[in-house]
Structure formats: structure tokens, C-alpha cells
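Comments concern the structure below.
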Amino acid sequence: MSTLYLIRHGQAGTRQAYDSLSDLGHLQARRAGEYLASQRVRFRAAFSGTLRRQRETAEEVAGQYRACGLEFPVIDCEANWNEFDIDAVYRDMVPALAAGDPQFRRDYDDLLRQAADEDHDVHHRWSPCDAAIVSAWIEGRFPSGTESWQAFIRRVERTLDTLPRCGEDEAVAVFTSAVPIAIWVAMALGVTNGRIMQVAAVMYNSAITTFRLREGELALFSFNGVPHLPADDLRSFR
């Protein structure tokens, strides 16, 4: 039985630079690496999505292993572990929502004004506008040129077939994002599509979720663990 460690990226940057880690995000990732190294978790293989925030998290963890004198495998970047393309979703959904809903248009204008301030907390929390935009995409309410919700789920589900077949008690690290991890939780528990975003919404940055895999059977072993973030000011959701 192999153990899969799915590690969410650390806190991202501002909305204008979301695909990078904030200073706190780098610290969260280093803390995750320190914790895993202290537990002497030895990984046979390591994977990351190709997004910058995912790769930066992987490198911070690998760096902590090296600082402790431990080996860390070469990180294999695989695009199927990427989060859905949130920029493309916003480009497609916002004009359609704004055209049919004056209140959404006003709320979104307010969101943009708030986001102009790099220190505003809107950069690190989900707003009602964000929820409305993503829900419109999930439900397929408007035409979109980007990957559909169902295609995204199928893409992430395919990662199960691409992982190496590890031996007994071997571990694999995967650095990815909240929704791909939530999809894996859904695969293990038989959760319906409508619950996936609810699972993703409670996930901490740099949280560790583990699965056990035996002969193709996936079992959830732990979820959203942050033993490396003991203080409230170290924890974040976006």
C-alpha cells in the first residue's frame, strides 16, 4: 500500500499576481517541508502542477529536505495537476453575468476598486462575486471557450492512472491546488460534483491531505492537515 501526499500550494499573491506565492505562502510551504522532513517522510517520487504557485511550493519543501540533509526526488511537472484556469473563467463569465444582473455589475465594480489596494483583504478571501462567477462556469450557464467543469474533473481524475506504482509503504508527493485535491477526496468518498467546491472551500494553504492506494483502490486517510501551522496567523484559505 503506497501513501500519496497531496499538498496544497501556499497562500497566493494578490489578485493581480495570483499565480505566485505571497511572503506568507513561502513561509507556509517551508513549514510544510520542515514538518515532513522532521517526520522522516521519504518520497519515492514527487509531482507538481505547472503553475508557478504550485512549483514554488514544491521547491520550498524540497529545499527544507536538503537543509536537513535528506534527499528529495526530482519534481516532475504535470499539467493535469493544475487548477482550473480562473482567469479564463472570469473573462468568459463576468461580461455575461454583468449584462443580465445590474447588482452583480455594481458588486464586481466594487471588487475591482477594492483589489486596486494591494493591502486589501479581498486579495486573500472569496467574495460573493467570486462565488457567482465560478458557479456560473460550473453550471455551464453561458458559452465559454475554456475547459468545462466536467472536462476539468475528468482531467484531474486521469492523474490516478499516471502515478507510479509504488511498493509497500512507499510515498509520493504531489503539489497541487484546492479543487484538484477536493476532486480526489470526491473520488475516494464518492462525493457528488456539487460538493466538490464545498470541500475545496475549507482547505488551508499548504495543507497536507493523504490517501492510501492499493491495487487501484483509493482511500482517504487524512484531510486538510496543518500541524506545521500551529498559530492562527499562519493559516489562510486563499
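Read left to right, the sequence shown gives residues 168 to 405 (the numbering used here).
Idealized CB from N, CA, C, for every residue including glycine.
C-beta atoms of residue i and residue j nearer than 8 Å
| i | j | result |
| --- | --- | --- |
| F342 | G216 | yes |
| H395 | A234 | no |
| A195 | S311 | Before going further, note that residue 195 is Gln rather than Ala in the sequence given. No, these two residues do not count as a Cβ contact at 8 Å. |
| A349 | V366 | yes |
| S187 | R219 | yes |
| L344 | H176 | Looking at the sequence provided, one finds Ser at residue 344 rather than Leu. Cβ atoms of S344 and H176: closer than 8 Å. |
| Y172 | A299 | no |
| V369 | W304 | no |
| R405 | V393 | no |
| T326 | N247 | yes |
| T329 | E201 | no |
Any non-hydrogen atom of the ligand GTP closer than 7 Å to residue i Cβ
| i | result |
| --- | --- |
| V341 | As for the ligand GTP, it is missing from this structure, which has no ligand bound. |
Cα-Cα separation, residue i to residue j
| i | j | result |
| --- | --- | --- |
| E337 | A213 | 12 Å |
| L237 | A204 | 8 Å |
| F210 | S169 | 10 Å |
| H287 | V228 | 28 Å |
| A283 | L387 | 40 Å |
| Q221 | V301 | 21 Å |
| M364 | A353 | 10 Å |
| A266 | W293 | 22 Å |
| V261 | R273 | 12 Å |
| R332 | Q206 | 23 Å |
| G383 | L279 | 45 Å |
| V346 | D399 | 23 Å |
| W351 | R182 | 26 Å |
| L191 | R308 | 36 Å |
| V289 | Q281 | 7 Å |
| I174 | A263 | 34 Å |
Reduced DSSP secondary structure (H/G/I, E/B, other) of residue i
| i | result |
| --- | --- |
| C244 | strand |
| Y172 | strand |
| T359 | coil |
| F319 | helix |
| T326 | helix |
| A179 | strand |
| F251 | coil |
| T313 | coil |
| T343 | strand |
| G236 | coil |
| F404 | coil |
Buried or exposed (CB count within 10 angstroms, at least 16 for buried), residue i
| i | result |
| --- | --- |
| T359 | exposed |
| V241 | exposed |
| S389 | exposed |
| P295 | exposed |
| E223 | buried |
Mind the definition here: the region 296-316 touches the region 245-255 only if three or more C-beta pairs lie below 8 Å; say whether that holds.
yes
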